[in-house]
Structures are given as structure tokens and as C-alpha cells.
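Residue numbers (the working numbering), protein chains in the order written: chain E, 9 to 264; chain C, 333 to 624.
Quick reminder that beta carbons are idealized off the backbone N, C-alpha and C, glycines included.
To start, the structure under review is shown below, and the notes come after it.
Here it is in C-alpha cells:
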């Protein structure tokens with residue numbers, strides 16, 4: 009990394025992940041700077057999702073999932089601290105929108121507090137809800153129906169609700185796992201705009217299948233192939249002069 | 333002839349398409365007919381019960397206690413109350429166990445314990461009800477030294493565990509894992525994920541399972557024969573023998589008195605109306621808006 013003045017927020021050191029005996033990702037090393045959007049690209053099955061699920065330690069929840077190596081955030085190895093703490097610092101948005109069906113829109117936004125049994129005064133919870141929904145660019149559409157069930161919203165709205173839910177916990181890092189793969193083009197472009205706005209407050213790691221999307225929204229890109237990190241660097245550079253032949257072939261649509 | 337032409341010919345053969353349409357319509361009619369046969373036994377039972385039982389049912393029948401043989405009139409209030417008490421106590425005893433067991437099977441499906449529990453549960457489900465009655469007799473009646481409603485509840489409780497447990501497991505297994513992950517990704521400990529996300533999301537299915545279990549055991553006679561035993565008197569003390577609708581039906585129907593036969597018909601009709609009612613309740617509950 010050339011910016012020596014800035015400590016990276018997140019560093020992955022020799023990160024490998026397994027399902028039972030099968031190694032899914034192999035010795036991944038890279039650092040992520042603060043307030044960057046990093047996209048993680050690569051063909052299906054190359055370990056993109058596993059990689060970001062390692063960052064918030066969700067990978068070990070999957071049957072047979074284990075990981076080795078270091079994930080250092082602010083100088084602390086996340087593998088050594090309690091998963092509950094890790095996940096309160098690192099938010100996640102999943103491929104398919106998954107609002108809690110038993111909760112209203114309002115409750116969904118503060119679900120992190122409700123579910124953890126954290127009591128907050130009404131006034132503050134109202135503020136959190138409005139603030140998070142505004143940041144997720146959903147406030148204007150739902151402010152008159154906050155007591156409706158979250159599942160009544162459209163797919164794109166549900167996904168923004170899920171982003172609001174993650175933002176409500178004030179995460180330092182937001183992991184997005186193909187957040188637009190289940191959405192139509194219009195909803196997709198809204199989420200993309202959102203991602204660019206959000207990086208003022210939060211660092212974003214985004215898995216995407218969509219090459220154009222990576223080019224549009226990310227500062228840096230990681231290209232993975234068969235569990236290995238092939239190339240990592242500024243998105244602009246990688247898209248114009250890829251260093252590795254496999255990256256070039258993927259970007260030009262020769263495989264993937 | 334190239335392959336494309338050949339395939340086009342056989343795929344667009346008019347005769348064959350017509351034949352398939354006929355076959356399709358025929359099987360449609362056949363399947364509809366055969367499936368509707370399922371309704372026949374129920375309709376016949378209901379019809380027979382209505383014809384024979386409706387004349388016995390009146391306010392007296394529901395509100396009064398039985399009278400000795402020879403005296404006319406009298407009702408089965410004690411049996412109605414007894415059925416309610418015995419079934420309610422059975423559910424109180426068994427539902428917590430069954431629901432917790434179902435949660436365990438759904439959330440930790442691959443553990444050795446889960447396999448053992450699932451296997452035992454399936455065996456228990458297949459255990460004849462009379463055997464479960466003997467079990468409750470040995471477990472409760474013998475130590476207590478006399479029959480009691482409580483021992484009947486124990487028997488019915490054991491019977492209903494497999495049903496509620498399976499219903500809970502199946503309901504919770506269908507809840508997408510994404511919901512559990514969404515909660516876990518916010519740092520929610522797993523026990524809270526289960527209590528606050530998994531169970532509330534599946535609550536309808538669980539309650540439905542409990543209601544259906546209740547209808548299942550409310551008609552059971554065999555396990556009550558040597559546990560709750562039956563009683564001609566009004567009794568709300570679970571420590572003593574108690575009447576119940578199936579017992580009344582059994583005792584009256586096997587008696588030599590016409591008067592009692594009529595009452596057995598009436599009690600049968602009442603019981604099936606109750607079962608029908610609970611089923612409807614379960615349906616309404618499940619189809620209510622919102623949720624999954």
C-alpha cells in the first residue's frame with residue numbers, strides 16, 4: 009500500500025478457510041483502507057462469499073466451516089475476540105433481502121438492539137430509525153408506514169431496509185454479499201448509489217458478480233480465482249491494465 | 333433426413349399431441365375422483381352421527397350431570413368438563429417438553445443426541461395408545477394406589493409429545509437460515525436468535541401443531557380406561573377419577589340400555605363438533621395475515 013500515513017482498517021494475513029477438509033480459500037493477504045469500497049470479484053465458487061464470511065466470523069457457523077490466519081482490525085486479531093463483539097463492529101447484508109417477517113419496518117431497523125436485549129430510550133430509537141433509514145435512502149418511502157411489516161416492501165426496498173438494519177448498529181465495516189443479485193436494474197442502481205454515499209461513514213467490502221458494478225462503485229478490487237487472490241489493487245488500474253492474465257480474461261468475459 | 337427435421341416431425345405429430353391431451357384430461361378426472369374419495373368416510377361419519385345424535389343434544393344434555401339408569405334425562409356435563417381438564421393438563425405437561433425438543437432437533441439437527449431423540453420420537457409416535465395407557469398406569473396409578481385424572485393426563489401427554497415435537501421441528505426447519513444469519517450477523521447470541529427470531533417466526537406452525545395434537549388426544553379412549561377411569565359424578569380434582577367424553581361414549585355404548593346408547597351418540601357428535609371446531613380454529617389462526 010502506498011499510503012503510509014494511513015493505517016489500514018482491516019488486514020487479512022494468510023487467511024485460509026475450509027469446509028471440512030476442503031480448502032475453499034488459500035492464503036489470502038490484503039489490507040483495506042478506511043472509508044474505501046472494496047469489491048471482491050471472481051467466477052462462481054471461487055470463495056468470494058466465504059472470504060467475507062470469514063471477516064465477521066460467520067463462516068464458522070456453517071457446518072464444517074473453519075478458518076486459519078489472521079484478520080486484523082485496528083490492530084486486534086478478530087479471530088481472538090468473541091464473535092458477538094466482532095459482529096457488532098462489522099455489519100452484513102446478504103444476497104437475498106432477509107427482513108425479520110415478525111417485525112415491523114421500525115422494529116427491523118432497530119432489530120440489532122431488540123434482539124440483543126439492549127434497552128434504548130424511545131427518543132434515541134426514533135433517531136436511530138430515521139437516521140438509518142435516511143442513510144439507506146428509504147426514509148421517504150416508508151416514513152408513513154413504519155408499523156407495517158418489513159416483508160410488505162418490495163425486494164429493493166427490503167434490501168435497503170436490511171442495509172438500514174446493519175447501519176443502525178453503527179458498524180465500522182459493512183459486508184455486502186452480492187447485495188443486488190436478487191434485484192432488478194432500477195433497485196440495483198439505487199443500492200449502488202447508496203454504497204458510494206455510505207463510504208463517508210463506513211468501510212465497505214462488497215462481493216459482486218457484476219464487473220460493471222465493481223467498476224462503478226469500488227475504489228479497490230480483489231480478483232479471486234479458485235480460492236486464490238489473483239490480484240488486488242485500485243479498481244481503475246485493474247480494469248485498465250490488469251497485471252495478471254486471468255484477471256484480464258475474466259474482465260473481458262473469456263470466462264466466468 | 334437430418335436430425336432436426338426428424339425431431340420436428342415426431343415432436344409436432346398432431347395425432348400424438350391429441351392423444352396426450354386426452355390422456356391428460358383422463359388422468360385429471362381420475363385423480364380428482366380418487367382424491368375426493370378421501371372425503372367419503374368423514375361425510376358418512378358426520379351424517380350418521382348427526383342422524384343418531386342430534387336428538388340427544390340439548391341444553392340439558394350439555395349442562396346436567398348423568399342420572400342413574402331408569403331415570404330419564406341427565407347430561408354429560410361432567411364428561412365435557414373432564415375432557416377439557418384432562419386434555420388441558422396433558423398439554424401443560426407435554427407441550428414445553430415437545431416444543432423445546434422440536435427446537436433442539438431443528439437447530440442442532442446433526443448431533444448424536446438429536447438422532448437419538450428423533451428416532452425415539454418416531455418410535456413413540458408408533459406406540460399403541462393402550463400401551464401408553466399401561467405405562468401411565470404403572471407410573472402414576474400404581475404408586476398413587478387409585479385411578480386419577482392426572483394419570484390420564486400423563487398418558488395423553490406422552491401421546492401428544494411426538495406430534496407437537498415433529499410439528500415444531502418441521503416448522504422451524506422451514507424457516508430460512510438467512511434469518512438466523514441476519515440476526516447472528518448483528519452479534520446476537522444464538523440462544524437469543526432462537527428465542528427472538530426462530531420461535532416467533534415459526535410460532536403459527538407450532539401453535540397449529542399443538543391444536544392438532546389437542547384434537548388428536550381429545551378423542552383417545554384406550555389410554556384413559558385404566559388411568560382417568562371415568563366417574564358418574566362431577567369432579568374437578570385431578571387426583572381423583574374423572575369422566576371424559578371418549579370414556580362416556582365407551583361406557584354408554586357398551587351398556588345394555590337404549591337411553592344410554594342415545595347419550596353415547598350425542599356425546600360422539602359433541603366430540604366430533606369440538607374436534608372440528610379446534611381444527612377450524614387452527615386453520616383460521618394459520619391463515620391470518622402477515623408473517624410466513
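Item: Rounded C-alpha distance that separates residue 440 (chain C) from residue 571 (chain C); Value: 38 Å
Item: CB contact check: residue 124 (chain E) to chain C, cutoff 7 Å; Value: yes
Item: Nearest-angstrom Cα separation, counted from residue 42 (chain E) out to residue 233 (chain E); Value: 25 Å
Item: Test: residue 609 (chain C) CB closer than 7 Å to a CB of chain E; Value: no
Item: Continuous beta strand (DSSP E) stretch holding residue 76 (chain E): start and end; Value: 73-81
Item: Distance between residue 530 (chain C) and residue 560 (chain C) (C-alpha atoms, nearest Å); Value: 37 Å
Item: Backbone CA spacing between residue 289 (chain C) and residue 386 (chain C) [nearest angstrom]; Value: A query on residue 289 (chain C) cannot be resolved here, the shown segment of chain C reaching from 333 to 624 and no further.
Item: Three-state class that DSSP yields for residue 214 (chain E) in the structure shown; Value: strand
Item: Amino acids of chain E, ordered along the chain, whose beta-carbon sits closer than 9 Å to that of residue 373 (chain C); Value: Neighbours of residue 373 (chain C) on chain E: none; closest Cβ ~38 Å, over 9 Å.
Item: Distance CB(residue 89 (chain E))-CB(residue 19 (chain E)) smaller than 7 Å; Value: no
Item: Delimiting residues of the beta strand (DSSP E) encompassing residue 610 (chain C); Value: Counting along the chain, residue 610 (chain C) falls outside any beta strand (DSSP E), though it belongs to the alpha helix (DSSP H) covering 590-619.
Item: Bounding residues of the beta strand (DSSP E) (the contiguous stretch that carries residue 31 (chain E)); Value: 30-40
Item: Length of the line joining the Cα atoms of residue 164 (chain E) and residue 363 (chain C); Value: 42 Å
Item: With 16 other Cβ atoms within 10 Å as the buried cut-off, status of residue 67 (chain E); Value: buried
Item: Residue from E:153, E:122, E:162 and E:168 with nearest C-alpha to residue 142 (chain E); Value: E:168
Item: First through last residue of the beta strand (DSSP E) which encompasses residue 229 (chain E); Value: 228-233
Item: Beta-carbon proximity check, residue 581 (chain C) vs residue 600 (chain C), cutoff 7 Å; Value: yes
Item: Complete runs of the alpha helix (DSSP H) confined to the stretch 167-206 of chain E [at least 4 residues]; Value: 193-206
Item: Presumed contact (8 Å Cβ cut-off) between residue 555 (chain C) and residue 468 (chain C), rounded CB distance; Value: 7 Å
Item: Inter-residue spacing [alpha-carbon to alpha-carbon] between residue 624 (chain C) and residue 160 (chain E); Value: Residue confidence for residue 624 (chain C) is low, a pLDDT of 41 falling below 50, so the modelled location carries little weight and cannot support an answer.
Item: Per-residue contacts from residue 106 (chain E) into chain C (C-beta, under 9 Å); Value: 508, 510, 511, 513 and 514
Item: Beta carbon proximity, residue 120 (chain E) to chain C, threshold 7 Å; Value: yes
Item: Helix, strand or coil at residue 392 (chain C) [DSSP, three-state]; Value: helix
Item: Proximity of residue 185 (chain E) and residue 57 (chain E) at Cβ, strictly below 7 Å; Value: yes
Item: Where the stretch 515-532 of chain C meets chain E: residues whose CB sits under 8 Å from a CB there; Value: 515, 516, 517, 518, 519, 520, 521, 524, 525, 528, 529 and 532
Item: When C:340, C:596 and C:415 are compared against residue 625 (chain C), the one with the closest alpha-carbon; Value: Since the displayed chain C opens at 333 and closes at 624, residue 625 (chain C) lies outside it and no answer follows.
Item: Proximal residues to residue 348 (chain C) (C-beta, below 8 Å), its chain only, five neighbours per side dropped; Value: 342
Item: Same chain only: Cβ atoms within 7 Å of residue 91 (chain E), ignoring 5 sequence neighbours per side; Value: 65
Item: Listed by chain order, chain C residues near residue 127 (chain E) by CB distance under 9 Å; Value: Those within 9 Å of residue 127 (chain E) in chain C number zero; the least Cβ separation is about 14 Å.
Item: Limits of the alpha helix (DSSP H) - the one that residue 409 (chain C) falls within; Value: 409-439
Item: Chain C contact residues for residue 274 (chain E), given Cβ-Cβ distances below 7 Å; Value: Summary: the structure shown does not reach residue 274 (chain E), with chain E confined to residues 9 through 264, and so no result is reported for it.
Item: Nonlocal neighbours in the same chain, by C-beta distance under 7 Å from residue 507 (chain C), ignoring five residues either side; Value: 530, 533 and 534
Item: Whole runs of the beta strand (DSSP E) within the stretch 87-153 of chain E, excluding any shorter than 3 residues; Value: 98-101
Item: Bridge partners - residue 451 (chain C), DSSP secondary structure assignment; Value: Answer is none; residue 451 (chain C) lacks a bridge partner.
Item: Short Cβ contact (7 Å threshold) for residue 72 (chain E) with residue 182 (chain E); Value: no
Item: Closest Cα partner of residue 21 (chain E) within the set E:158, E:49, E:31 and E:87; Value: E:87
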